[in-house]
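A.B. asks: Before we start, here is the structure in question, set down as structure tokens.
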Amino acid sequence: MEKRIFIKMKDHDLPMVITESESDSSSLCILMLHGFMAFKEGDGYLFSKFAQKFEENGISSARIDFCSMGENRFSRENYGLKVMLEEVKEAFRYLKEECGFSHIGLLGHSLGGRIAVYSSDLPVSCLITINGALQDGKDLSDLLVPEMKDGYCLIRPSDGRVELLFERFKKELVEIQKEVILNYEGPILVCIGKDDPTIDPAISYRFSLENKTDRFEIEGANHTLNAKTGDYAKVYECIDYVMKWIKEKGLL
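Residue numbers for the sequence shown, in this note's numbering: 127 to 378.
This is the structure in structure tokens:
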């Protein structure tokens with residue numbers, strides 16, 4: 127069962143889609159976090175495919191639109207890690223307190239992987255990254271953000287949109303460097319598309335080695351696991367492994 131809600135925050139409403147499994151034994155919900163300049167139904171409907179397969183296998187999920195993306199109407203001038211982290215915190219609270227999920231995991235794609243790691247100070251049951259943007263903040267800023275003039279620049283995502291980006295995003299990307307992952311003791315799975323041209327796969331590989339995580343490498347998969355091409359074979363390969371891993375960790 128899928129329901130669309132808006133969670134009231136201090137300055138804006140947070141859009142979230144919750145896909146609840148009908149399994150009576152399911153107490154696990156995976157909160158999915160999209161990437162840079164993306165949205166919850168973007169990147170070739172990547173998270174929609176995850177939600178569908180999760181539901182079929184007794185796993186509930188939720189996906190949100192970060193600040194100013196998708197259905198989130200908060201001003202683009204506020205788009206940055208600080209607001210995103212607050213949005214994850216509020217979504218987590220809602221799933222736990224209002225929906226009654228006793229176990230909540232975080233799954234982040236690209237920049238969402240970074241946000242997931244930075245949110246590991248929440249009582250999360252598991253962390254999953256997919257082609258996570260896990261490098262140094264300055265290096266990531268240099269990769270994502272072109273030269274700014276008058277405090278803003280234009281970003282052209284691969285789906286043809288033209289988006290404004292303001293100085294706040296670049297500043298917070300460099301300044302917010304959280305080491306909370308060092309204190310996280312739960313299970314971590316790092317999924318790596320070995321043909322990712324956007325985020326060097328070596329970054330996820332190094333993160334996995336340094337933090338002694340589980341790892342799944344996907345041959346022939348690009349940054350969105352080929353979802354934007356309309357070929358979902360690699361997406362389903364990743365989903366199947368994630369579900370197997372969740373069960374092996376005793377989370378389901």
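Virtual Cβ for every residue (Gly too), placed ideally from N, Cα, C.
From the DSSP secondary-structure annotation, give me the bridge partner or partners of Met369.
C.D. replies: Looking at the DSSP assignment, Met369 forms no beta bridge with any residue, so it has no partner.
A.B. asks: My assumption, with CB atoms under 8 Å, is that Ser246 sits in contact with Leu237. Please give the rounded CB distance.
C.D. replies: Their Cβ separation, rounded to whole angstroms, is 16 Å, which puts Ser246 and Leu237 out of contact at 8 Å.
A.B. asks: Hey, quick one: how far does the beta strand (DSSP E) through Thr141 stretch, first residue to last?
C.D. replies: A small correction: the amino acid at residue 141 is Pro; Thr does not occupy that position in the sequence shown. First-last of the beta strand (DSSP E) with Pro141: Asp139 to Thr145.
A.B. asks: Identify the residues that DSSP records as bridge partners of Tyr278: which are they?
C.D. replies: Lys275 and Phe292
A.B. asks: Got a sec, what are the start and stop residues for the beta strand (DSSP E) Arg189 sits in?
C.D. replies: Ser186 to Ile190
A.B. asks: For Gly277, which residues in the same chain have their Cβ closer than 8 Å to its Cβ, ignoring the five residues on either side in sequence?
C.D. replies: Phe292 and Glu293
A.B. asks: Could you tell me the distance, in whole angstroms, from the CA atom of Glu223 to the CA atom of Lys375?
C.D. replies: About 24 Å.
A.B. asks: Sort Gly184, Leu159, Met163 and Tyr171 by Cα distance to Glu146 and report the nearest one.
C.D. replies: With distances taken between Cα atoms, Glu146 lies closest to Gly184.
A.B. asks: Taking Cβ to Cβ, would you say Ala177 is nearer than 8 Å to Met142?
C.D. replies: no
A.B. asks: Can the beta-carbon of Pro323 be found closer than 8 Å to that of Asn352?
C.D. replies: Cβ atoms of Pro323 and Asn352: not closer than 8 Å.
A.B. asks: Using 8 Å as the threshold, is the C-beta distance between Arg318 and Gln261 below it?
C.D. replies: According to the sequence provided, residue 318 is Ile. The question's Arg does not apply to it. Result no, Cβ atoms of Ile318 and Gln261 do not sit closer than 8 Å.
A.B. asks: Whether or not the stretch 274-289 and the stretch 327-345 are in contact is what I'm after, with contact meaning three or more pairs of Cβ atoms, one per stretch, closer than 8 Å; do they touch?
C.D. replies: no
A.B. asks: In terms of residues, what are the limits of the beta strand (DSSP E) holding Gly89?
C.D. replies: Nothing in the structure corresponds to residue 89, since the chain is present only between 127 and 378.
A.B. asks: Would you kindly work out how many angstroms separate the C-alpha atoms of Asp139 and Tyr205, rounded to a whole number?
C.D. replies: 14 Å
A.B. asks: Beta-carbon separation of Thr255 and Gly239 under 8 Å?
C.D. replies: yes
A.B. asks: Give me the DSSP bridge partner(s) of Gly319.
C.D. replies: Ile344
A.B. asks: State the start and end residues of the unbroken beta strand (DSSP E) segment that holds Gly231.
C.D. replies: His229 to His235
A.B. asks: Could you give the residue range of the alpha helix (DSSP H) that holds Leu207?
C.D. replies: Leu207 to Arg219
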